[in-house]
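Each number in this note's numbering corresponds to the 1-based position in the sequence shown with 471 added.
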Amino acid sequence: MHARRSVLNLSIYLGFVATSWLAFPARAAWLESDQGARPQATRWIPHPTATPYDHYPTPHPTPYHPDTSDRSARAIRDFLAGASLGSSYGWGGLTIVPILASSSAPSPSLTSLESALRRGDLVVREYGGGSVPTVEMENHGSTPVFLLAGEIVLGGKQDRVIREDTVIGAHSVVQVSVYCVEQGRWASSAKAFGAAPHAIADRDLRSKASAGAGQDEIWSHVAKESEARGVRSPTSSYGDVTASPEMSRRLDEYVSRCPRPSPWRGRAVGAVFLSGGEVLGVDLFGDPGLLSSLWPKLVRSYASQAMRDPHGRHLSDSGASGVLAALRAARPTWDGSAGAAPRHRLSIGGYDAWAVTWGERVVHVSALPGYRDIEPPPYDRYPYPVPYYEE
């Protein structure tokens, strides 16, 4: 009787496992145990100078106490302190390590650039009669709009790429810092500014834009990408590179095989992206809806980099724990405004890391490989074929 009951229980268990396996999305190629070290949770240990009376752990090696008057900095610290790594997955050399939040804390409700343009809530126009490094955006809607550094807007007198994370409040107008990614055109387009579906710069271009590189360096990158992808653009437009049939097909395949992280044992708030064991970047969002909306763009941006790496075809998540630990130990330092929102810099060796908040809650935290010899705007020289003037 006992043997028969054991066999019955075993059959039920195996049936449950088989059903769960079939129900699990099979699009992603999940990492096996022999394909790289598993990510470990960031270790929290007492600081070496702590006394027995210190009853709480502090992040090693640099504990700090944010200014109590800077509530945004405290929100960033608390948001990162509650983050942990999930199980890795990936495809085609792109490894994704989900970042999970321990609790579903209230998050700001914002809409993405693409969603706002599609609904007609956001209008993008040339600033004045036309200024290469600036466009004007007006939000007619009642929901703030978040612009991700690296997103591309097409049309106007030139296609542009968003230089830095920006928040446009409800019913407000903001002058947004941009770069030109279409060197051979300075004339009004037949169409108004708009966002092509999932149009975003690759990781390198996004890093350079976020770091404040010179316009000539942006054009040089666009030219190299066009040559590497075998794309001939009559106006040297980066949009023609990303819209080429072969490039679109390959990036679409990455998106289909790398779905958004599932909130296993917590709330999925972002991911660490790697290729060949190298950390390509980190993106975290306070609003899960914003992460869902921007996920295809993020995958395309990092996949463009993974496709270029001939040695990055294997999947490896080593390095993810280190960059998350560095983010958690970094001190948020106020660094101006991102449109209508405060922006903080996070000092991490080898990365340009930023955090944007809205209503004292985290909107976006990013860390991209740092670049040297950058030229912060406003520029002291004219790196453009046309001068700044208003018509």
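No residue lacks a Cβ here, since even glycine has one placed at the ideal position from N, Cα and C. Note that the coordinates shown come from a computational prediction; the quantities given were computed from them, not determined experimentally.
Per-residue DSSP class, three states only, for residue i
i    : result
W657 : coil
L722 : helix
D549 : helix
S586 : helix
H518 : Per-residue confidence for H518 stands at a pLDDT of 40, beneath the threshold of 50, marking its modelled position as unreliable; no derived number is given.
G821 : coil
E597 : strand
E717 : helix
G564 : coil
G741 : strand
G807 : strand
S578 : coil
R542 : helix
D592 : coil
S704 : coil
R731 : coil
G748 : coil
G640 : coil
P569 : strand
Contacting residues, own chain, Cβ-Cβ under 7 Å from residue i (five flanking each side not counted)
i    : result
G841 : A682, G821, Y822, D823
S715 : R700, V702
S580 : T614, D758
D711 : V702, S704
M718 : R700, V712
D541 : W805
R721 : M778
A572 : G553, A554, G737, R738, V740
S808 : R814
A663 : G626
Presumed contact (8 Å Cβ cut-off) between residue i and residue j, rounded CB distance
i    : j    : result
F617 : H815 : Actually they are not in contact, since the Cβ atoms of F617 and H815 sit about 16 Å apart, beyond 8 Å.
A680 : R634 : 5 Å
Y725 : W562 : 7 Å
L584 : E622 : 5 Å
T706 : R656 : 4 Å
L556 : S792 : 6 Å
L755 : A552 : With a Cβ gap of about 12 Å, L755 and A552 do not count as contacting.
V652 : V693 : 6 Å
L751 : I570 : Not really, about 14 Å apart at Cβ, beyond 8 Å.
G599 : K628 : Actually they do not touch by this definition, with Cβ atoms about 11 Å apart.
Residues of its chain near residue i, where Cβ-Cβ distance is below 8 Å and the 5 sequence neighbours each way are ignored
i    : result
R731 : A739, L762, S763, W766
D806 : R814, H815, R816, W825
L619 : S583, L584, I633, D636, I671, L765, K768, H835
G760 : S580
G612 : T582, A587, R590, D592, L593, A641, H642
I819 : V794, A797, L798, A801, A838
6 Å Cβ shell around residue i - same chain, five flanking residues per side excluded
i    : result
W829 : P579, V638, A812
A777 : G564, L565, S746, G783
G810 : T637, V638, I639, V645
V594 : E609
E831 : R542, S543, A546
A587 : L593, V616
V647 : V606, M608, T637
Cβ of residue i within 8 Å of any chain B Cβ
i    : result
G553 : Note that chain B does not occur in the displayed structure, where there is just one protein chain.
- [ ] Counting only runs of 3+ residues fully inside the stretch 756-800, write out the beta strand (DSSP E) ranges in chain order.
- [x] none
TODO: Taking only runs that begin and end inside the stretch 642-701, name each unbroken beta strand (DSSP E) of 3 or more residues, in chain order.
DONE: 643-651
Open item on the list: Suppose only complete runs of 4+ residues qualify. What are the alpha helix (DSSP H) ranges in the stretch 603-635, listed by chain order?
Closed with: none
- [ ] Decide if the stretch 753-769 is in contact with the stretch 726-745; the criterion is three or more beta carbon pairs, one per stretch, under 8 Å apart.
- [x] yes
Task: Cβ contact (3+ pairs, closer than 8 Å) linking the stretch 801-808 and the stretch 684-701 - done: no
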